[in-house]
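Q:
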Amino acid sequence: MARTTEYPTADDDFQVSVLSDGTITYPEAIEPRPTGSDSSNILAGSEGPTGTDRGCSQKSAAWYTSKQGDPYEWWVGDGAQPGALTQAQAHSAFADIMDNITGSTNSCGLSDQVSAAQTYMGYTTTEADINSSGECTARDGTSTWDAGNLDSGTVAETCWWASGGDMKEADVRFNTTDYDFTTSPSSSTKCGKYDIESVGTHEAGHAFGLAHATGPDASYTNWLTMHPVTYECRTFARSLGYGDVMGLRALY
Numbered sequence: 001m002a003r004t005t006e007y008p009t010a011d012d013d014f015q016v017s018v019l020s021d022g023t024i025t026y027p028e029a030i031e032p033r034p035t036g037s038d039s040s041n042i043l044a045g046s047e048g049p050t051g052t053d054r055g056c057s058q059k060s061a062a063w064y065t066s067k068q069g070d071p072y073e074w075w076v077g078d079g080a081q082p083g084a085l086t087q088a089q090a091h092s093a094f095a096d097i098m099d100n101i102t103g104s105t106n107s108c109g110l111s112d113q114v115s116a117a118q119t120y121m122g123y124t125t126t127e128a129d130i131n132s133s134g135e136c137t138a139r140d141g142t143s144t145w146d147a148g149n150l151d152s153g154t155v156a157e158t159c160w161w162a163s164g165g166d167m168k169e170a171d172v173r174f175n176t177t178d179y180d181f182t183t184s185p186s187s188s189t190k191c192g193k194y195d196i197e198s199v200g201t202h203e204a205g206h207a208f209g210l211a212h213a214t215g216p217d218a219s220y221t222n223w224l225t226m227h228p229v230t231y232e233c234r235t236f237a238r239s240l241g242y243g244d245v246m247g248l249r250a251l252y
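Residue numbers 1 to 252, in UniProt numbering, belong to the letters of the sequence shown in order.
(1) Any chance you could list the alpha helix (DSSP H) runs of at least 4 consecutive residues sitting entirely within the region 70–158, in chain order?
(2) Rounding to the nearest angstrom, what Cα-Cα distance links Phe174 and Ala90 in this structure?
(3) Who pairs with Ser40 in a beta bridge, going by DSSP?
(4) Is the beta carbon of Trp223 sitting closer than 8 angstroms to the one on Phe236?
(5) Kindly indicate which three-state DSSP category Arg234 falls into: helix, strand or coil?
(6) For the alpha helix (DSSP H) that contains Arg249, what are its first and last residues?
(7) What residue from Gly247, Pro82, Leu240 has the CA that sits closest to Asn100's CA?
(8) Can you check whether the CB of Glu232 is closer than 8 angstroms to the CB of Gly200?
(9) Would you call Pro228 buried or exposed, if buried means 16 or more other Cβ atoms sit within 10 Å of its Cβ?
(10) Name the two residues that bound the continuous beta strand (DSSP E) containing Tyr61.
(11) Could you check if Thr125 is buried or exposed, using at least 16 other CB atoms within 10 Å of its CB as the buried criterion?
(12) Restricting to Cα atoms, I'd like to know which of Ser143, Glu135, Pro82, Gln68 is closest to Val114.
(13) Give the DSSP bridge partners of Arg173, in chain order.
(14) Report the three-state DSSP secondary structure of Tyr179 (helix, strand or coil).
(15) Between which two residues does the beta strand (DSSP E) containing Lys67 stretch?
(16) Sort out for me which residues DSSP pairs Asp166 with in a bridge.
(17) Give me, in chain order, the residues of the same chain whose beta-carbon lies closer than 7 angstroms to that of Lys168; leave out the 5 immediate sequence neighbours on both sides.
(18) For residue 256 and Thr144, I'd like the C-alpha separation in whole angstroms.
(19) Can you tell me where the beta strand (DSSP E) holding Tyr194 begins and where it ends?
(20) If we ignore side chains and look at the alpha-carbon of each, how far apart do Gly243 and Ala84 end up?
(21) In terms of DSSP beta bridges, what is Gly210 paired with?
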């Protein structure tokens with residue numbers, strides 16, 4: 001079974017979780033990283049959930065005490081991009097991803113009550129401050145979205161840095177060493193590629209302060225965008241589930 005770990009920032013950031021039954025949970029024991037950074041990833045899964053729920057009955061939500069205090073200013077790296085996209089194509093794909101978060105895009109009929117905002121800044125020669133082991137490195141002050149090498153099993157990762165409850169930088173990297181990506185997945189359940197928008201919307205959730213949705217087992221969260229596992233060819237995570245929207249409303 002895949003396992004992920006969340007770490008607090010140097011500002012004592014921590015994860016709060018609300019389960020479907022309304023229970024609030026906190027991590028029992030977590031150890032801060034010496035860099036003072038925080039990170040979270042999304043793991044490769046199998047075929048994913050079946051049915052038509054779309055996350056509308058899944059109410060689990062989790063978030064950190066840090067969020068974007070100002071509009072999230074993000075850049076597209078000038079190197080490789082997922083799906084072999086050009087920088088212009090990556091900008092377009094990532095802009096759709098940002099809109100999914102700031103606009104509370106969902107299939108549950110929930111209105112947009114989230115005040116989160118974002119601003120695209122352009123292309124940059126800086127890279128996401130994440131090394132090939134998935135560790136956050138020293139921040140450079142630029143929130144960069146790019147692609148490169150990460151731990152095998154990790155499809156994408158976000159590293160962020162916060163102060164006083166405000167995120168100062170949030171970098172995202174897609175793992176193009178071990179996985180292939182596309183903007184147009186086939187209908188096959190095992191097409192061998194991951195949907196850029198689904199994976200990116202999950203990572204953008206982290207960049208805006210959402211943590212992984214938790215529950216007694218995967219059936220409580222597997223339709224949610226913030227479920228910790230992503231699936232080949234599946235696109236449902238482009239649209240937020242009930243718990244995802246409630247988490248954003250709690251933050252913004």
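Positions of the beta carbon are idealized from the N, C-alpha and C atoms, including for glycine.
A: Put simply:
(1) 87–102
(2) Locating residue 174 in the sequence shown gives position 174, where the first residue counts as 1. Locating residue 90 in the sequence shown gives position 90, where the first residue counts as 1. Going from the Cα of Phe174 to the Cα of Ala90 covers about 12 angstroms.
(3) Stepping through the sequence shown from its first residue, residue 40 is reached at position 40. Thr158, per the DSSP bridge assignment.
(4) Taking the first residue of the sequence shown as 1, we reach residue 223 at position 223. Taking the first residue of the sequence shown as 1, we reach residue 236 at position 236. In this structure, Phe236 lies closer than 8 angstroms to Trp223 by Cβ.
(5) Here the question's residue 234 lines up with position 234 in the sequence shown. Note: Arg234 maps to coil in three-state DSSP.
(6) Within the sequence shown, numbered from 1, the residue matching residue 249 stands at position 249. Here the alpha helix (DSSP H) through Arg249 covers 242–251.
(7) If you number the sequence shown from 1, residue 100 lands on position 100. Measuring from the Cα of Asn100, the nearest candidate turns out to be Leu240.
(8) Here residue 200 refers to the residue found at position 200 of the sequence shown. Here residue 232 refers to the residue found at position 232 of the sequence shown. Result no, Cβ atoms of Gly200 and Glu232 do not sit closer than 8 angstroms.
(9) Numbered from its first residue, the sequence shown carries residue 228 at position 228. So Pro228 counts as buried.
(10) On the sequence shown, residue 61 is found 61 positions in, with the first residue counted as 1. For the sequence presented, residue 61 should be read as Ala rather than Tyr. Counted as a single uninterrupted DSSP element, the beta strand (DSSP E) harbouring Ala61 occupies residues 61–64.
(11) The residue labelled residue 125 in the question sits at position 125 within the sequence shown. So Thr125 ends up on the exposed side.
(12) Mapped onto the sequence shown, residue 114 falls at position 114. For Val114, the closest of Ser143, Glu135, Pro82, Gln68 by C-alpha to C-alpha distance is Gln68.
(13) Translated into the one-based positions of the sequence shown, residue 173 becomes position 173. Answer is Asp146, Glu157.
(14) Position 179 of the sequence shown, counted from the first residue, corresponds to residue 179. Reduced to three states, the DSSP call for Tyr179 is coil.
(15) The sequence position of residue 67 within the sequence shown is 67, counting from 1. Per DSSP, Lys67 belongs to no beta strand (DSSP E) and is neither H nor E.
(16) Taking the first residue of the sequence shown as 1, we reach residue 166 at position 166. Answer is Lys67, Ser163.
(17) On the sequence shown, position 168 is the one that residue 168 refers to. Same-chain partners within the cutoff: Trp161, Ala162.
(18) Here the chain has residues from 1 to 252 only, and residue 256 is not among them.
(19) Locating residue 194 in the sequence shown gives position 194, where the first residue counts as 1. Unbroken beta strand (DSSP E) run through Tyr194: 193–195.
(20) Your numbering for residue 243 matches position 243 in the sequence shown. Your numbering for residue 84 matches position 84 in the sequence shown. Computed Cα separation, rounded: 32 angstroms.
(21) Here residue 210 is taken as the residue at index 210 of the sequence shown, counted from 1. Looking at the sequence itself, residue 210 is Leu, so the reference to Gly does not match. Residue pairing by DSSP places Leu210 opposite Trp63 in a beta bridge.
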